[in-house]
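I have placed the structure first, in the form of structure tokens, so that the comments after it can refer back to it.
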Amino acid sequence: SCVRGVATGRRLGTALQAKDEARMTGLASAQQHTILVVDDDRTVLDTFGALLGMEGYKMLAALSGEEALRFLQQAATSPADMLPVDLVILDVMLPAMSGWDVCRWIKGDPWLRYVPVLMVTALSSIQDQSEAFTAGADDYVSKPFNSEELLIRVRALLRMGDLQRELLARNAQLHALRT
Numbered sequence: 221s222c223v224r225g226v227a228t229g230r231r232l233g234t235a236l237q238a239k240d241e242a243r244m245t246g247l248a249s250a251q252q253h254t255i256l257v258v259d260d261d262r263t264v265l266d267t268f269g270a271l272l273g274m275e276g277y278k279m280l281a282a283l284s285g286e287e288a289l290r291f292l293q294q295a296a297t298s299p300a301d302m303l304p305v306d307l308v309i310l311d312v313m314l315p316a317m318s319g320w321d322v323c324r325w326i327k328g329d330p331w332l333r334y335v336p337v338l339m340v341t342a343l344s345s346i347q348d349q350s351e352a353f354t355a356g357a358d359d360y361v362s363k364p365f366n367s368e369e370l371l372i373r374v375r376a377l378l379r380m381g382d383l384q385r386e387l388l389a390r391n392a393q394l395h396a397l398r399t
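According to the working numbering, the stretch in the sequence shown is residues 221 to 399, in order.
Spelled out as structure tokens, the structure:
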């Protein structure tokens, strides 16, 4: 398996409660977030590993779309399980299965569709960007990228994902009160 790192098996409610407590006490940190980076270039993965690691993020790496999907399928089986990652950073040009197809699969999955996807690719035309957003990407950055800009976008997408999961948990609580 090319996916590196360890996914945790925390429950969604427990994780949200811990994040709420951390946010209220001002202890929220990057270490609470896991990012899956999918790129067929090991040098790019190493670059992301160094950049994200310096910020305290936990990074998982996959060398192909198929490898990433196998990991995600095994890790997320129901809405009660915590999502396996907080963000997917995805290259478009991957062997066998394009990043656009991986993104469509993620966004088509009932449990994973809430995971933000950031496309980072050498493709930079308006048509390529349109294709990425049509596939469901939440943001798009062209290579070569500015590290500071990339980290700003990563933080924004992680914040968006945290808020989305919090909203889902609150809706589930409301639904449980009605039944």
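Glycine is no exception: its CB is placed at the ideal position from the N, C-alpha and C atoms.
Just so you know, these numbers come straight off a predicted model, no measurement behind them.
Item	Value
On a Cα-Cα basis, can you pick out the residue from F365, G285, C323, P330 that is closest to A342?	F365
Closer than 7 Å by C-beta to L265: which residues in its own chain qualify, once you throw out the five before and the five after it? Chain order, please.	V257, D259, A281
Please state whether DSSP places Y277 in a helix, a strand or coil.	coil
Alpha carbon to alpha carbon, what distance is there between D359 and S345?	14 Å
Since D359 is in the beta strand (DSSP E), which residue starts that stretch and which ends it?	359-362
Which term fits I372, buried or exposed, when burial requires 16 or more other beta carbons within 10 angstroms of its beta carbon?	exposed
Against chain B, with Cβ distances strictly below 8 Å, would D382 count as a contact?	The displayed structure is made up of one protein chain only, and chain B is not part of it.
Work out the CA separation of L397 and L310 for me, nearest whole Å.	38 Å
Whole angstroms is fine: what's the gap from L370's alpha carbon to L377's?	11 Å
Checking 8 Å against the spacing of the C-beta atoms, do M339 and A316 come in under that value?	no
Taking the straight line between their C-alpha atoms, what separation do you get for M244 and L292?	Only weak support exists for where M244 lies, its pLDDT of 41 falling under 50; the coordinates are left without a value.
Quick check on this structure: which residue in L283, H253, V312, D306 has the alpha carbon closest to the alpha carbon of S350?	V312
Let me check one thing: in DSSP terms, what residues is T254 bridge-paired to?	K278
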